[in-house]
Ligand SMILES: Cc1cc2nc3c(=O)[nH]c(=O)nc-3n(C[C@H](O)[C@H](O)[C@H](O)COP(=O)(O)OP(=O)(O)OC[C@H]3O[C@@H](n4cnc5c(N)ncnc54)[C@H](O)[C@@H]3O)c2cc1C
Ligand SMILES: Nc1ncnc2c1ncn2[C@@H]1O[C@H](COP(=O)(O)O)[C@@H](O)[C@H]1O
């Protein structure tokens, strides 16, 4: 069984991003970039399926400028077998991503496609579900457990009320939540080996997709700052302030 | 302008997030249709018909929609959108809305604007990005605007005062590729996290699940909901549905009390719009103090019992 994993290059999750003075966007110059944490979990899940003998090939795909090859190499070091870079000079929106991934799905015919539940930059939470609709594949989003049985996959999902389990016919789409697994660290020899693993480059044209978006970014502002409050000495002072100053008790 | 709002419910009652989503819809236009899709959910439709801003209720009552499976619900909403000539489709940005709405957008070949916090005009909206560290203003040029709404950013519309007609929808979208197996839903006597006036959350500092009893005792005094950081969920102290943050629940109560939580940006993303924030942490340099109105540098195992007895 072949597993396709979509990975995105994003700002490192530890970095607190700043807005550009002209409010055109956030400032990503000289900011540390990394694999989207949810995508890292997606790669880990696929590699585990291979280690368990359930999957026989793990293909990773990333869309964006040349720099995304860095994240593809990371995924290869984590255990993916080969990589596809769909080259585009910027990061397309989730619908375009889904259309391009559909092209890759048609070419590769995977039984399982694993994506992150959300990009931590756009916080969109869209691409996996959109790919599901475009390919008419069922989806198990926000997965905290994935079990494959012949021809189907059971996915336990993190939902507002608790957990929900659904059964999906393969081929299917899974999007990962944080609890699905704890990704490994790439070891040096694996990082060296990853440099020799195959990485193919495609264009949107190759996949027959025109990238466009009707959603325009007009402005980016910093959020309203909370003014720093006061320290209280003890529980009595805290209760007093909440009652008489903040009036929330 | 004609707006379709998708109701969130449990087949028995409307979820309050629906009334907040309707508030966002009302800022866009007044021709509002509410879709109730579920199984044996007539009572939800009746409740929906009473909501003053709702002009018309569509009731799709079928086993296919009983568990809100994204494949069926997404296909139904896309079909209704095509038939109904809607300019906007809105749903709450709950795990249900996040699950099916992007399918609707893709089936209609339009983009989705996720998690809006303001309506600037019929086509322009604000939404947080980068875990709330930036607020984007986006304009959608799509013929049908597919939008999910951050419930905490809007005040609920009145639940009463209306008398909309309820029309049955006969269309059945039932995919055999996906089926419901089971669920484990948390049962709690306490108010729901996203709707509570007071929330008290525990983090890794709580040390184990048993110690959450200390938090619960204070919560009972305050009529509060109990939340948690991701670290507390990951460590298995409490279930995932209690997680507050960028990738968990967004809360904005009158009072938020963070106990043994350091204040990572991903946690702040879920609670920093609370009216009053209290932080209890033994590390005076913990970043949570930068957003707290009242900070108490102390050991939580001393503070919680004292709070319980003095409240
Ligand atoms: C992609 C991604 C998404 C994430 N999404 C979320 C999210 O939605 N929500 C979320 O919460 N996190 C999220 N996280 C995790 C986040 O980065 C932090 O790791 C997490 O919030 C830390 O939880 P914590 O504050 O409980 O633990 P810690 O950071 O370990 O802090 C524990 C705190 O408890 C204090 N403490 C310890 N003992 C005591 C005591 N006896 N008395 C008083 N204080 C004490 C310590 O001083 C410390 O400040 C996400 C991470 C990633 C990568
Ligand atoms: N540029 C991209 N290249 C590859 N995968 C992507 C890209 N953008 C989004 N994805 C995938 O879609 C998931 C959800 O993204 P989003 O809809 O942006 O929140 C991510 O976690 C990735 O798995």
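Residue numbers (this note's numbering), protein chains in the order written: chain S, 79 to 327; chain R, 26 to 336.
Even for Gly, the Cβ is constructed at its ideal location relative to N, Cα and C.
In chain S, what lies closer than 8 Å to residue i by C-beta?
i, result
"residue 320 (chain R)", "307, 308, 309, 310"
"residue 199 (chain R)", "Under the 8 Å cutoff, chain S gives no residues; its nearest Cβ is about 12 Å from residue 199 (chain R)."
"residue 154 (chain R)", "104, 199, 200, 201, 298"
"residue 279 (chain R)", "326"
Quick one: does residue i have its CB under 7 Å from some CB of chain S?
i, result
"residue 215 (chain R)", "no"
"residue 96 (chain R)", "yes"
"residue 181 (chain R)", "no"
"residue 123 (chain R)", "yes"
"residue 107 (chain R)", "no"
"residue 104 (chain R)", "no"
"residue 162 (chain R)", "yes"
"residue 72 (chain R)", "no"
"residue 146 (chain R)", "no"
"residue 316 (chain R)", "yes"
"residue 46 (chain R)", "no"
"residue 101 (chain R)", "no"
Keeping to the same chain, check which residues put their C-beta closer than 7 Å to that of residue i; ignore five residues upstream and five downstream.
i, result
"residue 262 (chain S)", "122, 156"
"residue 127 (chain R)", "137"
Is residue i near ligand 1, in the sense that its beta carbon is under 6 Å from a heavy atom of that ligand?
i, result
"residue 117 (chain R)", "no"
"residue 46 (chain R)", "no"
"residue 91 (chain S)", "yes"
"residue 255 (chain R)", "yes"
"residue 299 (chain R)", "no"
"residue 261 (chain R)", "no"
"residue 226 (chain R)", "no"
"residue 325 (chain R)", "yes"
"residue 154 (chain R)", "no"
In the DSSP assignment, find the alpha helix (DSSP H) that holds residue i and state where it starts and stops.
i, result
"residue 53 (chain R)", "41 to 53"
"residue 131 (chain R)", "120 to 132"
"residue 317 (chain S)", "313 to 318"
"residue 267 (chain S)", "266 to 272"
"residue 330 (chain R)", "325 to 335"
"residue 313 (chain R)", "Careful: residue 313 (chain R) lies outside any alpha helix (DSSP H) and carries neither H nor E."
"residue 154 (chain S)", "146 to 155"
Where do the ends of the beta strand (DSSP E) carrying residue i lie?
i, result
"residue 306 (chain R)", "301 to 306"
"residue 164 (chain R)", "159 to 165"
"residue 68 (chain R)", "Element bounds for residue 68 (chain R): not the beta strand (DSSP E) but the alpha helix (DSSP H), 67 to 74."
"residue 172 (chain S)", "Per DSSP, residue 172 (chain S) belongs to no beta strand (DSSP E); it is in the alpha helix (DSSP H), 172 to 186."
"residue 282 (chain R)", "280 to 284"
"residue 217 (chain S)", "217 to 227"
"residue 279 (chain S)", "277 to 281"
"residue 300 (chain S)", "No beta strand (DSSP E) holds residue 300 (chain S); DSSP gives it neither H nor E."
Along chain S, in chain order, which residues have C-beta atoms closer than 9 Å to that of residue i?
i, result
"residue 51 (chain R)", "Going along chain S, no residue has its Cβ under 9 Å from residue 51 (chain R), so there is no contact; the nearest lies around 23 Å."
"residue 307 (chain R)", "Neighbours of residue 307 (chain R) on chain S: none; closest Cβ ~13 Å, over 9 Å."
Just the chain R side, please: which residues come within less than 7 Å of residue i by C-beta, in chain order?
i, result
"residue 176 (chain S)", "131"
"residue 94 (chain S)", "158, 290"
"residue 97 (chain S)", "159"
Give me, in chain order, the residues of the same chain whose beta-carbon lies closer than 6 Å to that of residue i; leave out the 5 immediate sequence neighbours on both sides.
i, result
"residue 267 (chain R)", "252, 253"
"residue 226 (chain S)", "132"
"residue 249 (chain S)", "189, 215"
"residue 84 (chain R)", "61, 70, 191, 193"
With a threshold of 6 Å (Cβ to nearest heavy atom), would residue i be considered close to ligand 2?
i, result
"residue 125 (chain S)", "no"
"residue 124 (chain R)", "no"
"residue 116 (chain S)", "yes"
"residue 114 (chain R)", "no"
"residue 157 (chain S)", "no"
"residue 132 (chain R)", "no"
"residue 86 (chain S)", "yes"
Taking 7 Å as the CB-CB limit, is residue i close to chain R?
i, result
"residue 170 (chain S)", "no"
"residue 63 (chain S)", "Any answer about residue 63 (chain S) is impossible in this case: the structure gives chain S only from 79 up to 327."
"residue 129 (chain S)", "no"
"residue 226 (chain S)", "no"
"residue 326 (chain S)", "yes"
"residue 207 (chain S)", "yes"
"residue 262 (chain S)", "no"
"residue 295 (chain S)", "yes"
"residue 134 (chain S)", "no"
"residue 87 (chain S)", "no"
Could you tell me which chain S residues have their CB closer than 7 Å to the CB of residue i, listed as they occur along the chain?
i, result
"residue 204 (chain R)", "244, 245"
For a contact meaning CB atoms closer than 8 Å, what does residue i contact in chain R?
i, result
"residue 257 (chain S)", "258, 259, 265"
"residue 292 (chain S)", "135, 136, 165, 166, 167"
"residue 240 (chain S)", "208, 209, 210, 211, 264, 265, 266"
"residue 314 (chain S)", "335"
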